[in-house]
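One structure below.
Protein chains: 2
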Amino acid sequence: MLILSNEDIESVLTLDVAFKALERAYLDQASGRAVNRPRSDLYLPGVHEGCVYAFKSMEGGLVESKIVALRLNSDVIRWENRENRVIKHKVPAAPGKKWVGLIQLFSAETGEPLAIFPDGVVQPIRVAVTSALAAREMARKDASVLAIFGSGWQAGAHVPAFCAVRDIKKVNVYSPTKANREKFAEQMERLEGIPVVPMLSPEAAAKDADILVAATNAITRVISPTWIKPGVHATCVKDSEFDDGTLRRADRIVIHSRNFAPENYIAGCGDQKIFAHDPVDFIRGDKKSTGDSEAAPFWVNSPELKDVIGGRVPGRTSPNEATCFINNIGLGIQFAAVGNAVYLEAKAKGLGKEIPTDWFLESVHP
Amino acid sequence: MLILSNEDIESVLTLDVAFKALERAYLDQASGRAVNRPRSDLYLPGVHEGCVYAFKSMEGGLVESKIVALRLNSDVIRWENRENRVIKHKVPAAPGKKWVGLIQLFSAETGEPLAIFPDGVVQPIRVAVTSALAAREMARKDASVLAIFGSGWQAGAHVPAFCAVRDIKKVNVYSPTKANREKFAEQMERLEGIPVVPMLSPEAAAKDADILVAATNAITRVISPTWIKPGVHATCVKDSEFDDGTLRRADRIVIHSRNFAPENYIAGCGDQKIFAHDPVDFIRGDKKSTGDSEAAPFWVNSPELKDVIGGRVPGRTSPNEATCFINNIGLGIQFAAVGNAVYLEAKAKGLGKEIPTDWFLESVHP
């Protein structure tokens, strides 16, 4: 069994590798040759003062690649109120102030575990490339100005991914902290060789943009309804960055998955499934019954990305449409696809550490 | 991070350890200090000729123990028709003709992975001890004759577990193959030091029994309705070993979980959840829509084991009641409880292999 580090992964996971792997995965999903077990979050309140433990997992399988991926996160979470926004903060509580996120790959041919590696490098790339694949199908062909909201690791992955699908000539960046947006602009300008301009307000960033990308850790609205104008394409890393008012102005909405919210299981709320993105109220005890689950949003029956990639529905039919892609939740097949590509590349290059697979097999019937 | 083998586990996992850990877990569950993410099965048909790949997983967390367990099985499955019964066969397809079932433990305090080990030794013990805990609350105090159906690893774990909760004086065993039931009887007689009698028919085995235990790999009925007589207690390792006719004769039914069937995700059936124990028909394409999911059984709102262990409902109120415990599906907290006990015992004894935890941590934000 192969153990890879984030450094190993970084050395093989190019944008090109990720685009090829993900496009293929959505084609497989469109043709019924892929399957997801949707994301679930299991919460243990009461272990930490002021924080909550959360175990997140999802799975995906690809028939052609004969691969199944399990992706898990073992997190200590704090929700913080900051500048009128609620921010979800993952506390690096593991030894050495580290986080725990793992991708595990299994062979669907033999069942054996093939590899285990951290998810930190894969995570933003699979999100950004998924949104960029949607933009490839949905943004105007002549889109040239990109507005990006956020200056963190998600935003950092989105700029190159979007530059790979459209001939972007200028990037506007807005992030509430001046130093952050300026540093981000510098970095991206160096990386892409095009002007990347830090903007004083979100409105200014959005003003002349053809593509709007929200890539923040805010769990409240980022994209204003008035920005959804003819010809624009907007996207997000979580649906709360849009809101219904914003989305209702779009002529066309495509979503990542109809599983609109994670399935939450919370100690103290019974063994009931609660659908919500951030079940803070349940954990604090303000809400108890599953009747309080988030209602399915109005856009839940919109076409999924697989339908657009697979050609069942169009991404855009005229230059004047306003389109939105809601990258609303992750899917296991993203980790199966990108994880398998990483595994094969790493294997070919002799990267990582091998430990005996036999440690993880058994001759006792399970 | 600790890696244990089935041999390591066998050397520390006594019945006593399992009883204590599981009783505590059900008490925690009763008081809202435990949580489960129910079992899901992800199927990839089309990888093997005549077989189906299945990735099964479940999770459980315990607040007091600050532990979360993930249990997964990466299986190649064949459903076989044998003697008018459908048998689920797990093909040992991994190198060395082995199976893949793993328990992974995580600290809810730091998030870090603590241990990973095979599930083969834990699996039958947690099933048997759970059923024995139910029998402790539900069988007549003076129950002395145990009838066991099946002669495999599940049955082998049930005999000692039931002998630990009742003063069993005789065991009747029935299994369709003569050689199997005779060998099993010999083994159990040696182990328990009481008469264990191989019977020529299931009816003969059931005749004078106070406790009936179905522990087979049949997915069709094992316990006949006529065997459910006043004073008897019956139990199973899957609900199909009973059937509705049998269960309707019981005065009192207790179940393991209201999650009556695994949530199945099957490539080719869309990303829809299908509730069924063995979704053979879906996989063969005879059924397609989730409207064909198994309907919730009539007993789905029966009290759960946690309610009985926690004292909310009685297990038996008179010597003449006929009681049934349906060990209908596994729960993640079983693996959290027994897994954590195994981990702590093994750690104290210096068993297993240590590999650097740091390999599974990351300084890149996940």
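Going down the list, the protein sequences come from chains S and G.
Once you know that position 210 of the first sequence is 1432 in the working numbering, the rest is easy, because the numbers rise by one and skip nothing.
Once you know that position 29 of the second sequence is 1251 in the working numbering, the rest is easy, because the numbers rise by one and skip nothing.
All C-beta atoms in this analysis are idealised placements derived from N, C-alpha and C, irrespective of residue type, glycine included.
- Secondary structure of D1529 of chain S (DSSP, three-state): helix.
- Within chain G, no C-beta atom comes nearer than 7 Å to that of V1435 of chain S; the closest sits roughly 19 Å away.
- P1317 of chain G carries a coil assignment under DSSP once its states are collapsed to helix, strand and coil.
- Y1275 of chain S sits away from G1254 of chain G, with the two beta carbons spaced by 9 Å or more.
- In the structure shown, F1520 of chain G adopts coil according to DSSP, grouped into three states.
- For the beta strand (DSSP E) assignment, the uninterrupted runs of no fewer than 3 residues enclosed by the region 1391-1417 of chain S are, from N- to C-terminal side, 1392-1396.
- G1490, C1491, G1492, D1493, K1495: these are the residues of the region 1490-1524 of chain G whose beta carbon lies less than 9 Å from some beta carbon of chain S, given in chain order.
- Sequence-ordered contacts of the region 1333-1346 of chain S with chain G read G1333, E1334, P1335, I1338, P1340, D1341, G1342, V1343, Q1345 [C-beta pairs closer than 8 Å].
- For the pair R1358 of chain S and F1241 of chain G, the Cα-to-Cα distance works out to about 57 Å.
- One finds E1584, S1585, V1586 in chain G with Cβ atoms closer than 9 Å to the Cβ of N1228 of chain S, taken in chain order.
- Beta-bridge annotation (DSSP): F1339 of chain S is paired with S:I1325.
- Taking a beta-carbon distance threshold of 9 Å, S1262 of chain G counts as an interface residue toward chain S.
- Nearest to D1389 of chain G by C-alpha distance, out of G:A1377, G:A1365, G:M1410, is G:A1365.
- In the structure shown, the three-state DSSP call for P1536 of chain G is coil.
- Judged by DSSP in its simplified three-state form, I1289 of chain S adopts strand.
- Taking a beta-carbon distance threshold of 9 Å, L1413 of chain G does not count as an interface residue toward chain S.
- Counted as a single uninterrupted DSSP element, the stretch harbouring G1490 of chain S is not any beta strand (DSSP E), since DSSP gives it neither H nor E.
- In this structure, the beta-carbon distance from N1562 of chain G to C1458 of chain G does not fall below 9 Å.
- Taking 8 Å as the Cβ-Cβ cut-off, the region 1287-1308 of chain G approaches chain S at K1288, V1290, L1292, L1294, N1295, S1296, D1297, V1298, given in chain order.
- Using a Cβ-Cβ cut-off of 8 Å, S1279 of chain G is close to R1259, S1279, E1281, L1292 of chain S, given in chain order.
- Of all residues in the region 1562-1580 of chain G, only K1575, I1577, T1579, D1580 place a beta-carbon less than 9 Å from a beta-carbon of chain S.
- Around the beta carbon of T1438 of chain G, 16 or more other beta carbons lie within 10 angstroms, which makes this residue buried.
- Assigned with DSSP and collapsed to three states, G1554 of chain G falls in helix.
- Cα atoms of T1236 of chain G and E1411 of chain G: separation of roughly 19 Å, rounded to the nearest angstrom.
- Beta-bridge annotation (DSSP): I1445 of chain S is not paired with any residue.
- Spanning the alpha carbons of I1450 of chain S and I1488 of chain S requires a straight line of approximately 37 Å.
- Within chain S, the residues whose beta carbon sits less than 8 Å from that of R1255 of chain G are G1268, A1489, G1490, listed in sequence order.
- Using a CB distance cut-off of 9 Å, E1425 of chain S does not count as an interface residue toward chain G.
- Counting other Cβ atoms within 10 Å of its Cβ, P1314 of chain G reaches 16 or more and is therefore classed as buried.
- Interface criterion met: the Cβ of L1324 of chain S is under 9 Å from a Cβ in chain G.
- By the Cβ criterion, the region 1535-1555 of chain G is in contact with the region 1472-1487 of chain G, since at least three pairs of Cβ atoms, one from each stretch, lie closer than 8 Å.
- Classified as buried, D1500 of chain G has 16 or more neighbouring CB atoms from the shown chains inside 10 Å of its CB.
- Within chain G, the residues placing a beta-carbon under 8 Å from that of V1285 of chain S are L1266, P1267, G1268, V1269, A1489, ordered along the chain.
- Burial check for K1460 of chain S: the Cβ neighbour count within 10 Å reaches 16 or more, so the residue is buried.
- Secondary structure at N1228 of chain S: helix, using DSSP grouped into helix, strand and coil.
- Under DSSP, I1505 of chain S shares a beta bridge with no residue.
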